[in-house]
Amino acid sequence: MNGKRSTFLFSALVFGFAFLYLPILLVIIYSFNEGKLVTVWAGFSFKWYATLFSNQGMIDAAWNSLRIGVLSATLALAIGTPAGLVMARFGRFKGRTLLSGMVAAPLVMPEVITGLSLLLLFVTLEQLVGWPAGRGMTTIVIAHTTFCSAYVAVVVQSRLSGMDISVEEAAMDLGARPGKIFFVITLPMILPALLAGWLLSFTLSLDDLVIASFVAGPGSTTLPMRVFSSVRLGVSPEINALATLIILAVTIMIVIASILMVRSDRRARASRATSGT
Amino acid sequence: MSQGDKQQAQECVQTSQPWNNPDAVPFIRFEHVTKKFGDFFAVDDVSLDIYRHELFALLGGSGCGKTTLLRMLAGFEEPSDGKIYIDGADMSGVPAYERPTNMMFQSYALFPHMSVEQNVAFGLHQDGLPKSEIRDRVEEMLNLVQMGKFAKRKPHQLSGGQKQRVALARSLVKQPKVLLLDEPLGALDKKLREQTQFELVNIQEKVGTTFVMVTHDQEEAMTMASRIAVMNEGVIKQTGTPFELYEYPNSRFTANFVGQVNLLEGILVDDNEKYAIIHSEAAGGDIYIDHAVSGHEGMTFWVALRPERIRLSDSQPAETKYNCLPGKVEEIGYLGGLSTYHVRLDSGTRIKISEPNSTRHIEPRYTWEDRVWVSWEAGAATVLSQ
Amino acid sequence: MSGTAPTPKQRFDRWMVRNGRYLVIGIPFFWLMLFFLVPFLIVLKISFATAEYAQPPYSALFQWVDQGINIALNFGNYLFLLSDSLYVTAYLNSIRIAAISTVITLLIGYPMAYYIARSSGTVRSVLLMLVILPFWTSFLIRVYAWIGILDREGLINAALLGLGIISEPLIMRQTEFAVYIGIVYTYLPFMILPLYSTLEKMDGSLVEAALDLGCRPWKAFARVTLPLSLPGILAGSLLVFIPAVGEFVIPELLGGPNTLMIGRTLWDEFFANRDWPIASSVAIAMLLFLVVPIMWFQNLQGSEKGDGK
Numbered sequence: 072m073n074g075k076r077s078t079f080l081f082s083a084l085v086f087g088f089a090f091l092y093l094p095i096l097l098v099i100i101y102s103f104n105e106g107k108l109v110t111v112w113a114g115f116s117f118k119w120y121a122t123l124f125s126n127q128g129m130i131d132a133a134w135n136s137l138r139i140g141v142l143s144a145t146l147a148l149a150i151g152t153p154a155g156l157v158m159a160r161f162g163r164f165k166g167r168t169l170l171s172g173m174v175a176a177p178l179v180m181p182e183v184i185t186g187l188s189l190l191l192l193f194v195t196l197e198q199l200v201g202w203p204a205g206r207g208m209t210t211i212v213i214a215h216t217t218f219c220s221a222y223v224a225v226v227v228q229s230r231l232s233g234m235d236i237s238v239e240e241a242a243m244d245l246g247a248r249p250g251k252i253f254f255v256i257t258l259p260m261i262l263p264a265l266l267a268g269w270l271l272s273f274t275l276s277l278d279d280l281v282i283a284s285f286v287a288g289p290g291s292t293t294l295p296m297r298v299f300s301s302v303r304l305g306v307s308p309e310i311n312a313l314a315t316l317i318i319l320a321v322t323i324m325i326v327i328a329s330i331l332m333v334r335s336d337r338r339a340r341a342s343r344a345t346s347g348t
Numbered sequence: 055m056s057q058g059d060k061q062q063a064q065e066c067v068q069t070s071q072p073w074n075n076p077d078a079v080p081f082i083r084f085e086h087v088t089k090k091f092g093d094f095f096a097v098d099d100v101s102l103d104i105y106r107h108e109l110f111a112l113l114g115g116s117g118c119g120k121t122t123l124l125r126m127l128a129g130f131e132e133p134s135d136g137k138i139y140i141d142g143a144d145m146s147g148v149p150a151y152e153r154p155t156n157m158m159f160q161s162y163a164l165f166p167h168m169s170v171e172q173n174v175a176f177g178l179h180q181d182g183l184p185k186s187e188i189r190d191r192v193e194e195m196l197n198l199v200q201m202g203k204f205a206k207r208k209p210h211q212l213s214g215g216q217k218q219r220v221a222l223a224r225s226l227v228k229q230p231k232v233l234l235l236d237e238p239l240g241a242l243d244k245k246l247r248e249q250t251q252f253e254l255v256n257i258q259e260k261v262g263t264t265f266v267m268v269t270h271d272q273e274e275a276m277t278m279a280s281r282i283a284v285m286n287e288g289v290i291k292q293t294g295t296p297f298e299l300y301e302y303p304n305s306r307f308t309a310n311f312v313g314q315v316n317l318l319e320g321i322l323v324d325d326n327e328k329y330a331i332i333h334s335e336a337a338g339g340d341i342y343i344d345h346a347v348s349g350h351e352g353m354t355f356w357v358a359l360r361p362e363r364i365r366l367s368d369s370q371p372a373e374t375k376y377n378c379l380p381g382k383v384e385e386i387g388y389l390g391g392l393s394t395y396h397v398r399l400d401s402g403t404r405i406k407i408s409e410p411n412s413t414r415h416i417e418p419r420y421t422w423e424d425r426v427w428v429s430w431e432a433g434a435a436t437v438l439s440q
Numbered sequence: 243m244s245g246t247a248p249t250p251k252q253r254f255d256r257w258m259v260r261n262g263r264y265l266v267i268g269i270p271f272f273w274l275m276l277f278f279l280v281p282f283l284i285v286l287k288i289s290f291a292t293a294e295y296a297q298p299p300y301s302a303l304f305q306w307v308d309q310g311i312n313i314a315l316n317f318g319n320y321l322f323l324l325s326d327s328l329y330v331t332a333y334l335n336s337i338r339i340a341a342i343s344t345v346i347t348l349l350i351g352y353p354m355a356y357y358i359a360r361s362s363g364t365v366r367s368v369l370l371m372l373v374i375l376p377f378w379t380s381f382l383i384r385v386y387a388w389i390g391i392l393d394r395e396g397l398i399n400a401a402l403l404g405l406g407i408i409s410e411p412l413i414m415r416q417t418e419f420a421v422y423i424g425i426v427y428t429y430l431p432f433m434i435l436p437l438y439s440t441l442e443k444m445d446g447s448l449v450e451a452a453l454d455l456g457c458r459p460w461k462a463f464a465r466v467t468l469p470l471s472l473p474g475i476l477a478g479s480l481l482v483f484i485p486a487v488g489e490f491v492i493p494e495l496l497g498g499p500n501t502l503m504i505g506r507t508l509w510d511e512f513f514a515n516r517d518w519p520i521a522s523s524v525a526i527a528m529l530l531f532l533v534v535p536i537m538w539f540q541n542l543q544g545s546e547k548g549d550g551k
């Protein structure tokens with residue numbers, strides 16, 4: 072890099088990161104503002120955190136979202152993993168094109184369409200078979216599981232196709248049946264991908280507003296729905312406090328994750344170096 | 055050689071060369087095996103017999119079908135047509151995990167999350183053997199491949215050569231009827247490869263298992279194998295001992311693939327009981343062959359000459375009328391142990407010649423643009439009809 | 243030579259393997275079929291119905307009349323979409339806004355990705371983490387952050403008024419400008435990551451070779467780096483463009499009442515007007531004119547890549 076160009080690149084980088092982080096920073100700062108107005112700094116205070124924690128509706132919504140997130144992410148793993156496995160390892164079979172289409176489509180589908188179509192399905196099903204009776208947590212979990220399993224399938228498929236298939240063949244050659252191969256060989260090897268898929272699904276579920284709004288029923292308001300309805304009306308210091316807490320939680324998680332990753336990476340490199348290949 | 059030695063040698067030939075014994079029962083038999091992938095014939099109507107205790111090599115370039123043949127033996131692919139027998143049993147429909155074969159993979163395919171010990175024990179666990187027996191057999195096998203010290207290590211803590219030994223131990227510990235090796239030395243560097251070749255042969259002699267190996271390296275196949283099948287485009291071109299393949303190739307393909315060769319195209323003009331004459335435009339004259347050639351006059355043949363069987367001289371050798379061609383030195387390659395020369399014959403054909411550098415302190419005998427004569431003994435050439 | 247007959251246990255094992263295979267295919271297949279594919283057929287069906295004050299609020303397509311099926315297909319919804327300029331405008335607007343935002347995202351994201359790809363070791367990991375971090379935080383909150391900045395009583399107006407640069411507050415929120423900012427802001431990481439991974443994989447000696455052969459740096463960039471990073475540019479642009487077209491939250495929170503986008507129109511038809519058939523026909527139209535072309539294009543990309551190998 073020569074001087075002039077690197078100056079340009081560096082300023083572009085600084086500008087980009089400022090653009091990404093200044094708004095977040097402002098939200099964090101103003102969550103500690105005594106006053107209600109964004110523009111006026113009225114002194115440092117934890118007041119809005121107290122208000123947030125005494126808002127039962129908000130806490131219920133957060134609890135709902137967490138439960139939905141854990142359930143959907145886990146179910147998405149149960150459905151997305153076989154889908155990824157089938158596409159990476161099962162070769163040709165009838166319906167393969169359809170399956171890969173159904174895995175790829177949710178990734179590009181506008182949320183409003185997914186939400187609308189699922190709602191209409193639930194309404195029709197209720198008319199026809201009486202299930203699901205009304206809409207609520209169950210319907211949200213089903214909806215989230217569906218689009219999250221597509222993400223899990225993609226993550227698992229790409230991990231598997233980057234993996235040497237002969238490891239699984241070796242297990243079969245040594246006498247293991249396919250089911251056993253999956254649980255004893257494949258599963259341990261794709262564990263990091265599964266973990267990533269679970270976290271991704273959990274985050275997507277926690278973050279979803281549009282689909283949940285379509286398929287939610289009374290008593291199943293999620294956190295994003297709650298936030299949306301209060302934000303629509305403008306800035307609210309309570310939401311600043313909530314945002315700060317979310318950002319804090321995510322930052323801690325990401326930092327821990329990347330420290331773990333760097334460490335395992337370093338360990339792998341070190342052991343490779345000592346073995347002298 | 056005493057009388058007893060001779061007799062022993064005779065017996066040895068009979069037991070060690072079952073392919074020359076019409077009564078021997080093949081251990082592995084491919085019967086008209088074909089494998090199609092879509093419209094592509096990966097393996098095209100291959101029939102092949104392999105005998106017990108052989109170290110058999112499938113040799114060929116990439117995409118010649120050798121690996122597909124091996125994978126069909128292991129049970130990873132089913133033949134589109136034909137049958138495979140191992141020790142008399144038809145293998146059709148038998149899945150890989152029930153076959154009496156074990157495979158050593160090119161990438162070794164060690165289970166990355168298991169220790170060396172666990173890797174080797176994996177196959178025995180699948181058979182549900184008692185723990186104590188598994189422990190004993192794993193230990194014995196690891197000692198055989200000299201990896202006893204590394205039992206607790208994970209694969210990523212091993213060097214390439216060590217991984218190769220573990221993979222070998224893992225595939226041998228189940229005492230398979232047939233051990234399949236897919237490019238067993240392909241991932242090792244050259245020095246280690248030469249050393250490992252002999253180790254593998256020693257281990258095979260010790261355990262007595264039938265080995266079937268796939269390789270693209272003709273030197274490796276020649277060093278290790280009892281017999282070799284040369285494959286090209288899904289077809290076996292020739293099967294034979296290394297000696298047979300080198301000295302009596304049946305086609306231009308084999309002659310070219312196994313070792314280096316000069317091919318001179320010509321037409322049979324005189325065929326007797328004792329000798330034959332082939333007229334070759336490429337050689338710029340007649341070539342004298344010291345035995346009869348099966349073919350009629352006017353047929354096209356190729357005379358195959360190995361580079362080390364050709365002599366170079368700076369004047370025309372007096373005694374010979376045939377098999378002596380003038381040319382000019384074009385290229386010299388000094389390889390240490392030997393020197394190679396490329397000579398452009400007056401007819402325009404280029405001939406490769408190699409000469410051993412058997413004494414020190416002597417510069418190569420010829421230099422660029424030198425006028426030389428290329429000659430060979432009548433028995434040195436092989437005549438090929440295809 | 244005769245084959246040995248498989249033992250009952252072997253036969254059972256093989257049967258299990260065969261059927262286990264169907265089970266593994268079946269689970270995701272039927273889930274996605276039921277909860278992804280079938281819903282679209284229902285949407286399609288309802289798009290041909292008429293709105294009614296009923297529960298659910300649409301007419302039945304199939305009715306048993308005199309032992310026969312009476313099918314009442316109502317194409318009116320689609321004719322209405324075409325005749326009312328609202329929908330066509332919303333559709334075109336969505337594409338325009340998404341396209342412009344994508345270009346801005348690319349212009350901001352490319353130098354960042356380039357810088358990160360050229361830095362090394364810890365610096366690179368830290369920078370990458372900084373790019374990924376916002377992606378994991380709540381999307382809604384990131385959009386919300388801009389309300390406080392762009393609002394009439396927001397930070398920018400307060401600052402400009404305080405400095406005496408303007409006397410009247412500028413209207414920035416509830417404009418198309420705010421929607422651009424919102425989209426660029428929330429989707430920037432999606433652009434940077436694929437760009438980074440293409441640029442990072444690129445052989446650095448290629449640019450050196452160009453420089454060595456007498457190319458000026460900017461020309462080396464234009465003739466070597468840029469063309470080679472095209473796959474990354476395309477991937478990143480698609481990742482931004484696709485969700486941006488159907489975006490609802492950003493135009494709703496940052497855009498004005500006139501910022502028509504197709505996702506928002508659908509939402510309003512459904513929630514505000516409770517016209518399920520029209521909402522369904524908007525969805526079907528979106529699917530046909532947006533999702534299908536995109537998937538077709540992606541498929542094309544994929545097969546081209548496959549050929550290149």
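Residue numbers (the working numbering), protein chains in the order written: chain E, 72 to 348; chain V, 55 to 440; chain F, 243 to 551.
Where a beta carbon is used, it is the ideal one built from N, C-alpha and C, also for glycine.
Just so it is clear, the structure is predicted and the values come from calculations on it, not from any experiment.
Would you identify the three-state DSSP class for Cys457(F), choosing helix, strand or coil? coil
Count the other CB atoms within 10 Å of the CB of Gln370(V); is the residue buried (16 or more) or exposed (fewer)? exposed
Helix, strand or coil at Thr78(E) [DSSP, three-state]: helix
Counting C-beta neighbours from all protein chains within 10 Å, is the total for Leu455(F) 16 or more, i.e. buried, or is it exposed? exposed
Alpha carbons only, please: which of Gly478(F), Val421(F), Pro431(F) and Pro535(F) is nearest the one belonging to Ile339(F)? Val421(F)
Where do the N-terminal and C-terminal ends of the beta strand (DSSP E) with Ser101(V) fall, by residue? Phe94 to Ile104
Between Tyr120(E) and chain F, is there a C-beta pair that is closer than 8 Å? no
Thinking Leu280(E) and Met296(E) are a contact (beta carbons under 8 Å), I'd like their distance in whole angstroms, please. 6 Å
Helix, strand or coil for Gln229(V) per DSSP? coil
Helix, strand or coil: which one does DSSP assign to Pro410(V)? strand
Selected residue, minimal CA-CA separation from Gly488(F), among Ala527(F), Asn500(F), Lys461(F) and Gly478(F): Ala527(F)
Uninterrupted alpha helix (DSSP H) stretches inside the region 209-247 of chain E (no shorter than 4 residues): 237-244
Val385(F) to Leu142(E) span [Cα, whole Å]: 27 Å
Below 8 Å between beta carbons: does that hold for Met278(V) and Ala111(V)? yes
On the DSSP letters alone, give me the boundaries of the beta strand (DSSP E) that Val383(V) sits inside. Cys378 to Tyr388
Gly214(V), DSSP secondary structure in three states: helix
Report yes if the C-beta distance between Phe159(V) and Ser272(E) is below 8 Å; otherwise report no. no
Based on the DSSP secondary-structure assignment, which residues constitute the bridge partners of Val194(E)? Answer is none; Val194(E) lacks a bridge partner.
Which two residues bound the contiguous alpha helix (DSSP H) that contains Leu147(E)? Note that residue 147(E) corresponds to Ala in the displayed sequence, not to Leu. Run containing Ala147(E): Gln127 to Arg160, per the alpha helix (DSSP H) assignment.
Determine whether the Cβ of Asn316(V) lies closer than 8 Å to any Cβ atom of chain E. no
Who are the neighbours of Arg256(F) on chain V, taking C-beta pairs under 7 Å? Pro149
Residue from Leu317(V), Thr264(V) and His345(V) with nearest C-alpha to Glu327(V): His345(V)
Could you round the C-beta distance between Val97(V) and Leu123(V) to whole angstroms and report it? I think they count as a contact, below 8 Å. 6 Å
On the CB-based measure, 16 or more other CB atoms within 10 Å of its CB, does Ser300(E) come out buried or exposed? exposed
Using a beta-carbon distance cut-off of less than 8 Å, what residues from the region 154-172 of chain V approach chain E? Thr155, Asn156, Met157, Phe159, Gln160, Ser161, Ala163, Leu164, Phe165, Pro166 and His167
Quick check: the Cα distance between Val268(V) and Leu472(F), rounded to an integer number of angstroms? 41 Å
Should Trp119(E) and Ser136(E) be called a contact, given that it needs their Cβ atoms to be closer than 8 Å? no
Express the C-alpha separation of Leu435(F) and Met324(E) in angstroms, rounding to a whole number. 20 Å
Against chain E, does Asp326(F) count as a neighbour if the rule is that its beta carbon must be under 8 Å from one of theirs? no
Interface flag, Gly142(V) vs chain E, CB-CB below 8 Å: no
Assigned secondary structure, Ser380(F) (DSSP; H/G/I helix, E/B strand, else coil): coil
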